[in-house]
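Contents: one structure, followed by commentary.
There are 2 protein chains.
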Amino acid sequence: MARIIDVEVRDVRFPTSLALDGSDAMNPDPDYSAAYVTLRTDGPEALTGNGFTFTIGRGNELCVLACKSMAPMLIGLELDDLRADLSLVWNALVGDSQFRWVGPEKGVIHLATAALVNAVWDLLAKAEGKPIWRFLSDLTAAEIVSIVDFRYISDALTPSEAMDLISEARSTNTLRERDLVKDGLLAYTTSAGWLGYEDDKVRRLCREAVDDGWGHFKVKVGGDIVEDLRRCRLVREEIGWDRALMLDANQKWGISESIENMRQLAEVSPLWIEEPTSPDDILGHARILKAIAPVGVATGEMVHNRIMFKQMLQANALTYLQIDSCRLGGLNEVVAVLLLAAKFDVPVVPHAGGVGLCEYVQHIAAFDYLTIARDPSKILVEYVDHLHEHFVDPVRIENAHYMLPTAPGYSASIRDESLEDFTFPTGRIWMSRS
Amino acid sequence: MARIIDVEVRDVRFPTSLALDGSDAMNPDPDYSAAYVTLRTDGPEALTGNGFTFTIGRGNELCVLACKSMAPMLIGLELDDLRADLSLVWNALVGDSQFRWVGPEKGVIHLATAALVNAVWDLLAKAEGKPIWRFLSDLTAAEIVSIVDFRYISDALTPSEAMDLISEARSTNTLRERDLVKDGLLAYTTSAGWLGYEDDKVRRLCREAVDDGWGHFKVKVGGDIVEDLRRCRLVREEIGWDRALMLDANQKWGISESIENMRQLAEVSPLWIEEPTSPDDILGHARILKAIAPVGVATGEMVHNRIMFKQMLQANALTYLQIDSCRLGGLNEVVAVLLLAAKFDVPVVPHAGGVGLCEYVQHIAAFDYLTIARDPSKILVEYVDHLHEHFVDPVRIENAHYMLPTAPGYSASIRDESLEDFTFPTGRIWMSRS
Chain F
48 MARIIDVEVR DVRFPTSLAL DGSDAMNPDP DYSAAYVTLR TDGPEALTGN
98 GFTFTIGRGN ELCVLACKSM APMLIGLELD DLRADLSLVW NALVGDSQFR
148 WVGPEKGVIH LATAALVNAV WDLLAKAEGK PIWRFLSDLT AAEIVSIVDF
198 RYISDALTPS EAMDLISEAR STNTLRERDL VKDGLLAYTT SAGWLGYEDD
248 KVRRLCREAV DDGWGHFKVK VGGDIVEDLR RCRLVREEIG WDRALMLDAN
298 QKWGISESIE NMRQLAEVSP LWIEEPTSPD DILGHARILK AIAPVGVATG
348 EMVHNRIMFK QMLQANALTY LQIDSCRLGG LNEVVAVLLL AAKFDVPVVP
398 HAGGVGLCEY VQHIAAFDYL TIARDPSKIL VEYVDHLHEH FVDPVRIENA
448 HYMLPTAPGY SASIRDESLE DFTFPTGRIW MSRS
Chain H
48 MARIIDVEVR DVRFPTSLAL DGSDAMNPDP DYSAAYVTLR TDGPEALTGN
98 GFTFTIGRGN ELCVLACKSM APMLIGLELD DLRADLSLVW NALVGDSQFR
148 WVGPEKGVIH LATAALVNAV WDLLAKAEGK PIWRFLSDLT AAEIVSIVDF
198 RYISDALTPS EAMDLISEAR STNTLRERDL VKDGLLAYTT SAGWLGYEDD
248 KVRRLCREAV DDGWGHFKVK VGGDIVEDLR RCRLVREEIG WDRALMLDAN
298 QKWGISESIE NMRQLAEVSP LWIEEPTSPD DILGHARILK AIAPVGVATG
348 EMVHNRIMFK QMLQANALTY LQIDSCRLGG LNEVVAVLLL AAKFDVPVVP
398 HAGGVGLCEY VQHIAAFDYL TIARDPSKIL VEYVDHLHEH FVDPVRIENA
448 HYMLPTAPGY SASIRDESLE DFTFPTGRIW MSRS
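Heads up: the sequence lines are chains F and H, in that order.
Residues are numbered in this note's numbering as their position in the first sequence, beginning at 1, plus a constant of 47.
Residues are numbered in this note's numbering as their position in the second sequence, beginning at 1, plus a constant of 47.
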C-alpha cells in the first residue's frame, strides 16, 4: 500500500529566446518553460511520478502556483484507489467548483491540471513497470472508456460508441503492433522552419533533414505574405516536390486574410495550413477549410478542451487534429479527444516541440495507433530538435520515425542537473545571466 | 502631467459560503472574492484608479499573481497617452506573447487583464470628473470604435459598421437620456432564488421583492428536476403570472438533458433558461435554442471573449447576451461585444452579483442604452443584494431600477475598512476564523 505524501512544483525555464529557437509570427522570443511536478509516495518502493505543463516564459509562475494551489487534493490518495478509478484525480481537480470559476477547463487552471493529472499517470505506469503507451493499450475497452469524462460531449460520442471504436481498432491490433515496434511512428520536422532563422540556416537545416530521411517539413508563415511565399519557395527548392510541406501561421490572420493568403501560398502545394486564425474560432476555421480545399486545415495546440474539439469536428472545421498534451487537462481529456477524432474519422497529428512535448506525445500517438485510430497510416507526429538532452528518457528518432519508449512511465522526468541549472530564477543559468 | 507609479494588488475574500448566498447547482459554497487593483499616479492630484476581477474563492490567488506579473507593463505610462490611445493598455496586456500562451484571452490571465484594464478606465474617468457611463457616452463615434480590437471579429463586424450602429443609436439619444436619468435602468432580482435557501426563506424574499416593485425574478435550477419544478411552482405562487420568471441551470446539463428538462419547466412559463450547458458549447446552445422556443436562451457569465460571443451570435445560439465585466478582458472587450450584439440585434442583459459586478455593469448598461443598443427597452440588468456595503459608491436601487451613478470613475473602489477586514488570509475576519 502506497499513498501520495508530497507534491513538489518547480518553475523551470530555458533561455531559448537567445537563439530564436521556436520563433514564429505570434511568438517572437519564447523562453521555453515548464511548471514541473514531482509526486512522492510512501510504501516500500517510494515511487515518484513526474508531470509538467509547457509555457513560453512569463506566465509559467501562474501555472506553478496553480499546481501548488490544487496539490492538497492529491495528498493522501492511495495508489490502489487511483488504479481502480482512473478518473479519480481528473474528477477531483476539474470538479472543484471554486477553481472551476477561473476556467472553466481552460487557461492557467487547465494547464496546471495537465501537469498534475499526467504526474499521476506517470506514477501508475511506473507502478506497473510499463511505458504509458503500453499501460493504456493493455487496458480493457471498458477501462479506457472509464478514463473519459463524457460531460458536454455525449451529444457527439456515447460510451457505447467509444467501446465500438476501440473494438474495431483492436480487430487489426496485432498487425499494427508489429509494424510500430519495428518502424516506429512517422514524424515530421519543424526544426528548419522557424521565422527567426536566416535563409542560409534554413537551407542548411533542410538539406540535413533530407539527408536524414525526413519526408515532411513544416515552415512558419504569418509575416509579410511576399516574404512568406519567398521562404516557402526556398524550402521547396531544397526539399523538392515529392516531400510534404506544411505551413503554420500561428493565429496571425483573420478569416478572409487566411483565405486570400492561402490562395497565394497554394503555389507551394502545402498539405495543410496550421492555426490560420484564433483557436477559439470554430466557425471561422470551417469557412477557411471550405474555401481552401484541397489544402487542409490543422489546429489544436491552443484548443483548450474536449468541448471545443467536439465542435470543431461537428462543424467540419479541421482536416488534421493537433492534440496538445498540456493544453488539454492531461491524459484523461486526451483520450476523450482521440475517441472523438476517431468517431469523425479525422487523423490526430499531435503538437510537439516546446519542453518535453515530444516525450509526451509519442505515447499518445502510439496508443492512438494501436487502440483508437480508424486509419493509423495517417498518424504523423511533430518533431522538434530542442531540449531533449534535459530528459531522463529522451525521445529516439531513427529515419524520421519516433522509436517507441520502453522505460516505465510517461517519459516526463527531467534530469536533476538540468533542474538545478534551469530552475527560475534561482538556478545556475539564471543567476549567471542576471 | 501624471504617470502610473505604483500598482498594488490585494486578495480580498468574503466568507459568503457561511450563509449559502450565491449557492447554485454548480457552485454549492462560494466565497465571493476579488483580485483588487489600485493604481497610483504622481502629479498634483495624485489620482488613484481601482479595478478588480471577481472569483468565488480558491483560485483568487492566481488572479492576484497574474495582476502582479503583468503590472510592470503599466508602470510609467502617462495619463495623457492613455487618454489619447484608449486601447494602449489592452493592446499591451493582450499582446504580450508569453502571457498570451497561458490564455490566449481566457481563464486566469484574461480575468486579471480585466482588473488592470478596468483600473485604467477608472483612472481616466476620474481624471475627467465623470462616471464611466458618461465618459464613454461623451466620446466621439471614432473614439468608441478605437476602443475595440477588431482582430478575429472583423468577419462579423467592421469598424465602419460599428460607426453606423453608433450613429443610428445616437439619433434618438436625447430622448433616451431623459428617461434614463429619471427612471433608471430596469433590473431583475436573483436574490430570492438561490439553491441553498429553504422554502420559507424563498417565499418571504419573493413577497418582499414583489412589495418593493420587482417585476423580474430569477431562480436557480439544475438540481433534481422534480425538485426544480416544485421550487419554480412555489415561486410562481408568490410572484403570480404577470411578472417575469427566469431560470438558471449554471451549466449542469448536457444538450438533450437541457431540451428534456425545459419541456417540463415550460409549465412555469420562463422568459429564458440561463447557462443550460457548457459556456464553450456554441453549437449546443444553438440546438437548445431551436428546440425550446419560445423560451429564450441566455448565457455569457463564463463566455470568455469576443470571439466566442461572435460565434454565439453567428450561430443563433442566444436570445439574451449576458456580458460579464470581469470574464471579458475589461471595458475594451465589453464595448466590442456590445457592438456585436447590436449588429445581430440581440439584447445585452449583463451578468451581475458577486463582488461589485452590479457596481460595474450599471455603467455598461447605461452606455449601451444611450449609445449602442438597437432597442434600449429590452435592456435588463441583473441585481443581487450582496456586499454593496463594502463599496465607496454602492449601487442605488429604486423601484426595481438602477439609478445612475454620478461619482467619477467606475464605482470600483472598496472601502478601506473592508479591505483591512477581508484581505485574505491576513485580514481581521480571516484571522478570527482560523
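Note that the Cβ used here is the ideal one computed from N, Cα and C, for glycine as well.
Predicted model only: the values in this text are computed from it and were never measured.
Rounded to whole angstroms, what's the CA-CA distance from residue i to residue j? Just pull it up for me.
i                : j                : result
Val315 (chain F) : Cys279 (chain F) : 7 Å
Glu92 (chain H)  : Trp477 (chain F) : 41 Å
Asp275 (chain H) : Gly269 (chain H) : 7 Å
Arg310 (chain H) : Ile411 (chain F) : 42 Å
Leu330 (chain F) : Thr346 (chain F) : 13 Å
Asp371 (chain H) : Asp202 (chain F) : 28 Å
Leu242 (chain H) : Gly401 (chain H) : 15 Å
Ala291 (chain H) : Phe264 (chain H) : 6 Å
Phe391 (chain H) : Pro77 (chain H)  : 34 Å
Asn297 (chain F) : Val155 (chain F) : 20 Å
Ile122 (chain F) : Lys115 (chain F) : 11 Å
Asp1 (chain H)   : Val350 (chain H) : Outside the modelled stretch of chain H, which goes from 48 to 481, sits residue 1 (chain H), for which no answer is possible.
Leu171 (chain H) : Val342 (chain H) : 41 Å
Asp295 (chain F) : Asp463 (chain H) : 51 Å
Phe99 (chain F)  : Lys248 (chain H) : 48 Å
Arg283 (chain H) : Pro206 (chain H) : 45 Å
Thr95 (chain H)  : Trp300 (chain H) : 44 Å
His157 (chain F) : Ala82 (chain F)  : 12 Å
Quick check on the burial criterion: 16 or more other C-beta atoms within 10 angstroms. Buried or exposed for residue i?
i                : result
Ile354 (chain H) : buried
Ala340 (chain H) : exposed
Trp137 (chain F) : buried
Met359 (chain F) : buried
Ser424 (chain H) : exposed
Val56 (chain F)  : buried
Met48 (chain H)  : exposed
Val75 (chain F)  : The amino acid occupying residue 75 (chain F) in the given sequence is Pro; Val does not appear at that position. The residue is exposed, with fewer than 16 neighbouring Cβ atoms inside 10 Å.
Ala420 (chain F) : buried
Asn35 (chain F)  : The shown model of chain F, from 48 to 481, leaves out residue 35 (chain F), and the question about it has no answer.
Pro455 (chain H) : buried
Pro472 (chain F) : exposed
Leu65 (chain H)  : exposed
Gly90 (chain H)  : exposed
Asn107 (chain F) : buried
Pro119 (chain H) : exposed
Asn446 (chain F) : exposed
Asp58 (chain F)  : buried
List, in chain order, every chain H residue whose beta-carbon is nearer than 8 Å to that of residue i.
i                : result
Cys110 (chain F) : Val149
Arg105 (chain F) : Ser116, Asp143, Gln145 and Phe146
Thr95 (chain F)  : Result: empty, since nearest Cβ-Cβ is about 26 Å, beyond 8 Å.
Using a Cβ cut-off of 8 Å, pull out every chain F residue sitting near residue i, in sequence order please.
i                : result
Met73 (chain H)  : Ser144 and Arg147
Thr102 (chain H) : Gln145, Trp148 and Val149
List the residues of chain H whose Cβ lies closer than 7 Å to the Cβ of residue i, in chain order.
i                : result
Ser305 (chain F) : What Ser305 (chain F) touches in chain H: nothing, since even the nearest Cβ is about 10 Å away.
Leu509 (chain F) : Past the boundaries of the shown model lies residue 509 (chain F); chain F is included only from 48 to 481, so the question cannot be answered.
Ile476 (chain F) : Residues of chain H passing the Cβ test: none, with the nearest at roughly 18 Å.
Asp327 (chain F) : Asn352, Ile354 and Met355
What does residue i touch in chain F if you count any residue whose Cβ is under 7 Å from its own?
i                : result
Val155 (chain H) : Leu109, Val149, Gly154, Val155 and Ile156
Ala113 (chain H) : Leu109
Thr324 (chain H) : Tyr199
Gln349 (chain H) : Note on residue identity: the sequence assigns Met, not Gln, to residue 349 (chain H). Those are Pro151, listed as they occur along chain F.
Ile272 (chain H) : None at all; the shortest Cβ gap to chain F is about 17 Å.
Which residues of chain H have a Cβ atom closer than 9 Å to the Cβ of residue i, listed in chain order?
i                : result
Pro77 (chain F)  : Ser144, Gln145 and Trp148
Gly301 (chain F) : Phe197, Arg198, Tyr199, Ile200, Ser201 and Asp202
Since residue i meets chain C, which of its residues come closer than 9 Å, beta carbon to beta carbon?
i                : result
Gly377 (chain H) : The chain labelled as chain C is not found among the protein chains of the depicted structure, namely F and H.
Flag residue i as yes when its Cβ comes closer than 7 Å to any non-hydrogen atom of the ligand NAD, and as no otherwise.
i                : result
Ala447 (chain F) : For the structure depicted, the ligand NAD is absent and the ligand set is empty, with no information on it obtainable.
Checklist entry - At a Cβ cut of 8 Å, what residues of the stretch 393-410 of chain H count as close to chain F, listed as they run along the chain? => result Interface annotation for the stretch 393-410 of chain H against chain F: empty, criterion Cβ-Cβ distance under 8 Å.
Next on the checklist: My parser needs the alpha helix (DSSP H) runs of 4 or more residues fully inside the stretch 305-366 of chain H; what are they?
Outcome noted: For the stretch 305-366 of chain H, whole alpha helix (DSSP H) runs of length 4 or above, ordered along the chain, are 329-339 and 353-361.
Item to check | Positions along the stretch 197-210 of chain F whose CB lies within less than 8 Å of some CB in chain H | outcome: Going along the stretch 197-210 of chain F in chain order, one finds Arg198, Tyr199, Ser201 and Asp202 with a Cβ nearer than 8 Å to chain H.
Checklist entry - What are the start and end residues of each continuous beta strand (DSSP E) run of 3 or more residues lying completely inside the stretch 253-278 of chain F, in chain order? => result If we require 3 residues or more, the beta strand (DSSP E) runs fully inside the stretch 253-278 of chain F come out as 263-267.
Item to check | Ranges of the alpha helix (DSSP H) found wholly within the stretch 91-139 of chain F, counting only runs of at least 4 | outcome: Whole alpha helix (DSSP H) segments, 4+ residues: 107-117 and 126-131.
Next on the checklist: For a minimum of 4 consecutive residues, which ranges assigned as the alpha helix (DSSP H) are wholly contained in the stretch 151-188 of chain F?
Outcome noted: You should have 154-174 and 179-184.
Next on the checklist: Ignoring anything shorter than 3 residues, give me the beta strand (DSSP E) runs that lie fully in the stretch 56-94 of chain F, in order along the chain.
Outcome noted: Listed in chain order, they are 80-88.
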